[in-house]
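Student: Following this message is one structure expressed as structure tokens.
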Amino acid sequence: MSLDSLSAPIAPSSSASRTIALAGNPNCGKTTLFNALTGLRQRVGNYAGVTVEKKEGKLQVGETDVNVVDIPGIYSLSARSLDEQVARNVLLGTQADASRPDFIVSIVDASNLERNLYLTTQLMELGRPVLVALNMMDVAAQNGIDIDAAALGEALGVPVLPIVASREVGLEPLKRRLVEPLPPLPKRHWKLAPSLEDEIKKLADFLTEHQLIEPLAAEGEAIRLLLNDMEAAPVQIELPPELENRIIQARERLEAADIDWWAVEAEARYGWIKHICAHAVVTAEGFKHTTSDKIDRVVTHRILGPLFFAFILILVFESISRFAQYPMDLIGGFFDYAGDWVRGLVPPGDMQGLLADGVIPGVGGVITFLPQILILSFFISLLEDSGYMARAAFIMDRIMRRVGLNGKSFIPLLSSFACAIPGIMATRTIENPKDRLVTILIAPLMSCSARLPVYLLMIHTFFPSGKRIGIFSTQTVVLFSMYVLGIVAAIGMGWLFKKTLLRGHSPPLIMELPPYRFPAWRNVFSTMLTRAGQFLQRAGTVILAISMVLWFLAAYPKNIQLSRNYATERQQMETRFQAGQLTEAEKEQQLAELKVAEASERSRKSYLGTMGHTLEPAIRPLGFNWKIGIGLISAFAAREVIISTMAIVYSVGDDEANENTQSLQKALQNDRYPDGRPVYTPLVAVALMVFFVLALQCMSTFAIVRRETNSWRWPFFMLGYMTALAYVTTLIVYQGGRMLGF
Amino acid sequence: MSETTPTNTVLKITLDTLKIGQEARVDRVRGGRANAQRLQEMGLIAGTTIRILKFAPLGDPIEIFLRGYHLTLRREEAAFIEVTPL
Ligand SMILES: Nc1nc2c(ncn2[C@@H]2O[C@H](COP(=O)(O)OP(=O)(O)OP(=O)(O)O)[C@@H](O)[C@H]2O)c(=O)[nH]1
Chain A
329 MSLDSLSAPI APSSSASRTI ALAGNPNCGK TTLFNALTGL RQRVGNYAGV TVEKKEGKLQ
389 VGETDVNVVD IPGIYSLSAR SLDEQVARNV LLGTQADASR PDFIVSIVDA SNLERNLYLT
449 TQLMELGRPV LVALNMMDVA AQNGIDIDAA ALGEALGVPV LPIVASREVG LEPLKRRLVE
509 PLPPLPKRHW KLAPSLEDEI KKLADFLTEH QLIEPLAAEG EAIRLLLNDM EAAPVQIELP
569 PELENRIIQA RERLEAADID WWAVEAEARY GWIKHICAHA VVTAEGFKHT TSDKIDRVVT
629 HRILGPLFFA FILILVFESI SRFAQYPMDL IGGFFDYAGD WVRGLVPPGD MQGLLADGVI
689 PGVGGVITFL PQILILSFFI SLLEDSGYMA RAAFIMDRIM RRVGLNGKSF IPLLSSFACA
749 IPGIMATRTI ENPKDRLVTI LIAPLMSCSA RLPVYLLMIH TFFPSGKRIG IFSTQTVVLF
809 SMYVLGIVAA IGMGWLFKKT LLRGHSPPLI MELPPYRFPA WRNVFSTMLT RAGQFLQRAG
869 TVILAISMVL WFLAAYPKNI QLSRNYATER QQMETRFQAG QLTEAEKEQQ LAELKVAEAS
929 ERSRKSYLGT MGHTLEPAIR PLGFNWKIGI GLISAFAARE VIISTMAIVY SVGDDEANEN
989 TQSLQKALQN DRYPDGRPVY TPLVAVALMV FFVLALQCMS TFAIVRRETN SWRWPFFMLG
1049 YMTALAYVTT LIVYQGGRML GF
Chain B
865 MSETTPTNTV LKITLDTLKI GQEARVDRVR GGRANAQRLQ EMGLIAGTTI RILKFAPLGD
925 PIEIFLRGYH LTLRREEAAF IEVTPL
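If you read the sequences in order, they're chains A and B.
Per the numbering used here, residue 329 is the first one in the first sequence, and the count goes up by one each step.
Per the numbering used here, residue 865 is the first one in the second sequence, and the count goes up by one each step.
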């Protein structure tokens, strides 16, 4: 390497623009600072190939454009978790889709200085200038911590600027500092035993020689590689064999000299931190009861804690069911209207059908989830921002551990009772990739609100309202059982996945309980809008495609042999009306009936209908006929679609499904097999509900799993396992029920 | 490590056996290396003073106070942390 390339990275990438990275511990106020710096000029996405969130924004200071890259909140750069790994790659410029920052801003929570500075010491070894933004100065002052920023900067060897991000105090000097000439590269001040330093130097030289990393960051990388035990890390990085060998040999030499290489790094860093703080910080030592502790006395109290938790849950779900309904109806109405409008605008034909019966209702069916997602993500970001989420995990950890998960999986699973989509999006708070995946895989087993209409139709049609089991009506018991079945299945499958496919010791729960803070509304709303936008954008494309396919299957083939000549019959009616044999009202009614009959026959003879027939032998053992088969296929668009599909198949007209549930109920009750047996018995109804509890019939979930796991493998796996589970369970229920004489 | 000399015969007290409100000094973090390193990164290294604050409603995990912040960990991990009560 020439001297040129050594000094090159220090200069800003161009005089008019500069890239800075914000790095810090979780809860240090990073998001708040990022929002305060960039305002609305930000973009949220994913780093290529991984599920780690990528946030970028822009701001202008004087003449200079500053690109701000937000690094995921982490405690360490040892790169054991995916977040840490991506953070390290971005900061070193080895992440393919992110440009290397010129300048690293290390955000430090002044009220929690020592632990926050741990990451700072690591950031100082990446070969980039570092600036410390000393945030939460107000909280520190409140807690009796007095920090001399200048002295701290002196001791650290990097500039330190005090700020209060939530009140935008100190931001102007910070912004100005971002575009001034860069400070010199930080130096490593803490030292290890000579034999360790020796090994680090050797390894760093090797890294530089083989151009495995840029020279300025080689020492830091050597420290990380040599002193961190990555064996049990959830994410493994493949190292070049020669490097791997060198590390192993170096460790063997150290062990031979009786040095616990894996225990020295944290001690040395904290040792130096202690030394620095002794110079710059006056602390009221020891534990004091803060407001936060007083709140916690209730919120994590042995008895009051769980009660409060239950109260929060009820509040969230009441809000979803109460406030989401109205906008959902409104959105539904809007799309119905849009469909009609298109029908009036586009001449009848494939184009009209594709738009009015495929794309518009398909997309509409997905957008109706938006209110639920907005409300749930509002609460989730509120709970997260205020610090309660960690308490929820604290309370629930013991129970979730039974399944092999930890407390952080609870909220996403619970959210899935409203809708699996926000639930799956909420799994982002789970750092361990395996735990996160298990949680995603079992989330759709929770009975979401889209299943409810199906349950209700079956229950009201086949279980008389007067009957009772004990003190409860049969209807309530059946409904409740369906919810319980979903939970039991989720627990069972979660346990099974942890035992088999996604085995691996869960990393222990080592979690900070941050102090309670009044949530920043700007953060809450920006998170909420971001989530909604991601849902629309992520799910949108897949859903559009599936809607179009389903429409095609339902509408084609066109030229089929129909049993009646509908056109002629329509003609005849018109003639009879002209001749005075029919009143206007009679004609209208007969025309409507004819239309329904035609739609019914067409759908039976469509590809979808043919598929229903083809499917029949497979689903007959479950007690289902081909009409239910059609319903099941179409329900993949969204579960409740089965109702409107069945309405078409049973010729009861599909407009105003509500008004026609009565007639649909009758049609279902009266449906017979050729030998006169009823198609539906209470047992068939139960079997159908069981199938709905367990099957993945929701293209939006499918799409969001595709996005969140960044692979096709997991959504297909989910589809496969849930279908198999649904099939086998329904088979057992139906055949078992028959043997018992139901 | 710096101080491995004493205590080969004495049974060490571990963090999970402490009572609420008790303070202690960390002597050593044992257990798997990766887990131990995680705990060390969070500031649980020899010489650190900790205080037991609370047990979760079902008795586990434990909430402790160290270096000015609150950390929660399970009894399972706490059993690897050797301490001297103060
Ligand atoms: N009192 C005070 N509160 C602050 C300050 N900066 C941020 N907060 C609050 O601290 C909480 C956490 O801030 P965030 O910006 O979400 O923290 P973060 O680092 O992005 O946290 P993660 O998203 O978990 O990584 C929020 O409730 C903020 O309103 C500050 O300087 N003073």
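Here a beta-carbon is modelled for each residue, glycine too, at the ideal position from N, C-alpha and C.
Would Ile-914/B be called buried (16 or more neighbouring beta carbons within 10 Å of its own) or exposed?
Tutor: Taking the second sequence and counting its residues from 1, one reaches residue 914/B at position 50. Classification for Ile-914/B: buried.
Student: Run through DSSP, which three-state label would Met-1050/A get?
Tutor: For this step, residue 1050/A is matched to residue 722 along the first sequence. Of the three classes helix, strand and coil, the one that applies to Met-1050/A here is helix, per DSSP.
Student: Rounded to the nearest angstrom, what separates Ile-399/A and Arg-719/A at their Cα positions?
Tutor: On the first sequence, position 71 is the one that residue 399/A refers to. On the first sequence, position 391 is the one that residue 719/A refers to. Each residue's Cα considered, the two are about 25 Å apart.
Student: Straight-line CA distance for Gly-472/A to Arg-574/A?
Tutor: Here residue 472/A is taken as the residue at index 144 of the first sequence, counted from 1. Here residue 574/A is taken as the residue at index 246 of the first sequence, counted from 1. So the two alpha carbons sit approximately 48 Å from each other.
Student: Considering only heavy atoms of ligand 1, does any lie closer than 8 Å to the CB of Phe-846/A?
Tutor: Working through the first sequence from its first residue, we reach residue 846/A at position 518. Yes, since a heavy atom of ligand 1 falls inside the 8 Å radius drawn around the Cβ of Phe-846/A.
Student: Below 8 Å on the Cβ atoms is my contact criterion, and I expect Met-821/A with Leu-742/A to pass it. Report the Cβ-Cβ distance as a whole number of Å.
Tutor: Position 493 of the first sequence, counted from the start, is the residue given in the question as residue 821/A. Position 414 of the first sequence, counted from the start, is the residue given in the question as residue 742/A. With 8 Å as the limit, Met-821/A and Leu-742/A do not qualify as a contact, their Cβ atoms being about 17 Å apart.
Student: Is the beta carbon of Lys-762/A within less than 8 Å of some heavy atom of ligand 1?
Tutor: One-based indexing of the first sequence puts residue 762/A at position 434. Incorrect: Lys-762/A has no Cβ contact closer than 8 Å to ligand 1.
Student: Is the CB-CB distance between Pro-836/A and Glu-905/B below 9 Å?
Tutor: Translated into positions along the first sequence, residue 836/A becomes position 508. Translated into positions along the second sequence, residue 905/B becomes position 41. Result no, Cβ atoms of Pro-836/A and Glu-905/B do not sit closer than 9 Å.
Student: So what's Glu-508/A in DSSP terms, helix, strand or just coil?
Tutor: The residue given as residue 508/A occupies position 180 in the first sequence. DSSP places Glu-508/A in coil when its eight states are reduced to three.
Student: In chain A, what lies closer than 8 Å to Lys-918/B by C-beta?
Tutor: Walking along the second sequence from the start, residue 918/B turns up at place 54. Simply Asp-624, Thr-628.
Student: Which residues mark the beginning and the end of the alpha helix (DSSP H) in which Ser-962/A is found?
Tutor: For the purposes of this step, residue 962/A is identified with residue 634 of the first sequence, where counting begins at 1. Note, Ser-962/A: alpha helix (DSSP H), 954–962.
Student: Kindly list the residues whose CB is nearer than 6 Å to the CB of Leu-879/B, restricted to its own chain and excluding five residues on each side of it in sequence; keep chain order.
Tutor: Here residue 879/B refers to the residue found at position 15 of the second sequence. Same-chain partners within the cutoff: Ala-942, Ile-945, Val-947.
Student: Is the beta carbon of Gln-700/A closer than 9 Å to that of Met-728/A?
Tutor: Within the first sequence, numbered from 1, the residue matching residue 728/A stands at position 400. Within the first sequence, numbered from 1, the residue matching residue 700/A stands at position 372. No.
Student: In the DSSP assignment, what are the bridge partners of Ile-797/A?
Tutor: The sequence position of residue 797/A within the first sequence is 469, counting from 1. Per DSSP, Phe-800/A.
Student: Check whether the Cβ of Glu-987/A lies closer than 9 Å to any Cβ atom in chain B.
Tutor: By one-based count along the first sequence, residue 987/A stands at place 659. In this prediction, Glu-987/A has a pLDDT of 46, which is less than 50 and means its spatial position is unreliable; nothing more can be read from the coordinates.
Student: Quick one: give me the first and last residue of the beta strand (DSSP E) that Glu-887/B is part of.
Tutor: The residue labelled residue 887/B in the question sits at position 23 within the second sequence. Looking at the DSSP string, the run of the beta strand (DSSP E) that includes Glu-887/B is 887–893.
Student: Any residues in the segment 880–891 of chain B with a beta carbon nearer than 7 Å to a beta carbon of chain A? Which ones, in chain order?
Tutor: So nothing in the stretch comes that close.
Student: Between the C-alpha atoms of Ala-913/A and Glu-944/A, what's the straight-line distance to the nearest angstrom?
Tutor: Residue 913/A sits at position 585 when you count from the first residue of the first sequence. Residue 944/A sits at position 616 when you count from the first residue of the first sequence. Those two C-alpha atoms are separated by around 40 Å.
Student: Heavy atom of ligand 1 less than 8 Å from the Cβ of Thr-755/A, yes or no?
Tutor: Residue 755/A sits at position 427 when you count from the first residue of the first sequence. The answer is no for Thr-755/A.
Student: Please go through the same chain and pick out, in chain order, the residues whose beta-carbon is closer than 7 Å to the beta-carbon of Gly-667/A, but skip the five residues on each side of it.
Tutor: Numbered from 1 along the first sequence, position 339 holds the residue referred to as residue 667/A. Ala-684, Ile-688, Pro-689.
Student: Between Gly-352/A and ligand 1, is there a pair consisting of the residue's CB and a ligand heavy atom that are separated by less than 8 Å?
Tutor: The count along the first sequence starts at 1 and reaches residue 352/A at position 24. Yes - ligand 1 has a heavy atom lying nearer than 8 Å to the Cβ of Gly-352/A.
Student: Between which two residues does the beta strand (DSSP E) holding Leu-882/B run?
Tutor: Mapped onto the second sequence, residue 882/B falls at position 18. Looking at the DSSP string, Leu-882/B is not in any beta strand (DSSP E), and its letter there is neither H nor E.
Student: Output yes or no for whether 9 Å exceeds the beta carbon distance between Asn-355/A and Asp-411/A.
Tutor: Counting from 1 along the first sequence, the entry for residue 355/A is found at position 27. Counting from 1 along the first sequence, the entry for residue 411/A is found at position 83. Not in contact: Asn-355/A and Asp-411/A (Cβ atoms no closer than 9 Å).
Student: Please list, in chain order, the chain A residues whose beta carbon lies closer than 8 Å to that of Glu-940/B.
Tutor: For the purposes of this step, residue 940/B is identified with residue 76 of the second sequence, where counting begins at 1. Those are Pro-836, listed as they occur along chain A.
Student: Can you find a heavy atom of ligand 2 that lies under 8 Å from the Cβ of Ser-409/A?
Tutor: Judged by which ligands are present, ligand 2 is missing from the structure shown, whose ligands are ligand 1.
Student: Does the beta carbon of Glu-905/B come closer than 9 Å to any beta carbon on chain A?
Tutor: Along the second sequence, one-based indexing puts residue 905/B at 41. Judged by the 9 Å Cβ criterion, Glu-905/B is in contact with chain A.
Student: Between Thr-619/A and ligand 1, is the CB less than 8 Å from at least one heavy atom?
Tutor: As a position in the first sequence, residue 619/A is number 291, starting the count at 1. Incorrect: Thr-619/A has no Cβ contact closer than 8 Å to ligand 1.
Student: Strictly under 9 Å for the Cβ-Cβ distance: is Tyr-446/A near chain B by that measure?
Tutor: Numbered from 1 along the first sequence, position 118 holds the residue referred to as residue 446/A. So, interface residue.
Student: Write down every uninterrupted run of the alpha helix (DSSP H) in the segment 904–943 of chain A whose length is 4 residues or greater and which is fully enclosed by it, in chain order.
Tutor: Runs of the alpha helix (DSSP H) inside the segment 904–943 of chain A: 912–933.
Student: Please confirm whether Leu-441/A and Ile-402/A have their CB atoms less than 9 Å apart.
Tutor: For the purposes of this step, residue 441/A is taken as residue 113 along the first sequence, with counting starting at 1. For the purposes of this step, residue 402/A is taken as residue 74 along the first sequence, with counting starting at 1. In this structure, Ile-402/A does not lie closer than 9 Å to Leu-441/A by Cβ.
Student: Taking the straight line between their C-alpha atoms, what separation do you get for Glu-508/A and Val-397/A?
Tutor: Taking the first residue of the first sequence as position 1, residue 508/A is located at position 180. Taking the first residue of the first sequence as position 1, residue 397/A is located at position 69. Computed Cα separation, rounded: 18 Å.
Student: Applying a beta-carbon distance threshold of less than 9 Å, which residues of chain A neighbour Glu-927/B?
Tutor: Along the second sequence, one-based indexing puts residue 927/B at 63. In chain order: Asp-624, Thr-628, Phe-722, Leu-841.
Student: How would you list, in chain order, the residues of chain B whose beta-carbon sits under 7 Å from the beta-carbon of Tyr-598/A?
Tutor: Numbered from its first residue, the first sequence carries residue 598/A at position 270. Those are Gly-907, Ile-909, listed as they occur along chain B.
Student: Bridge partners of Arg-1000/A, per DSSP?
Tutor: The residue given as residue 1000/A occupies position 672 in the first sequence. The partner list for Arg-1000/A (beta bridge, DSSP) reads Pro-1006/A.
Student: For a contact meaning CB atoms closer than 9 Å, what does Ala-963/A contact in chain B?
Tutor: Within the first sequence, the letter at position 635 stands for residue 963/A. Correct list: empty, because the minimum Cβ distance to chain B is about 39 Å.
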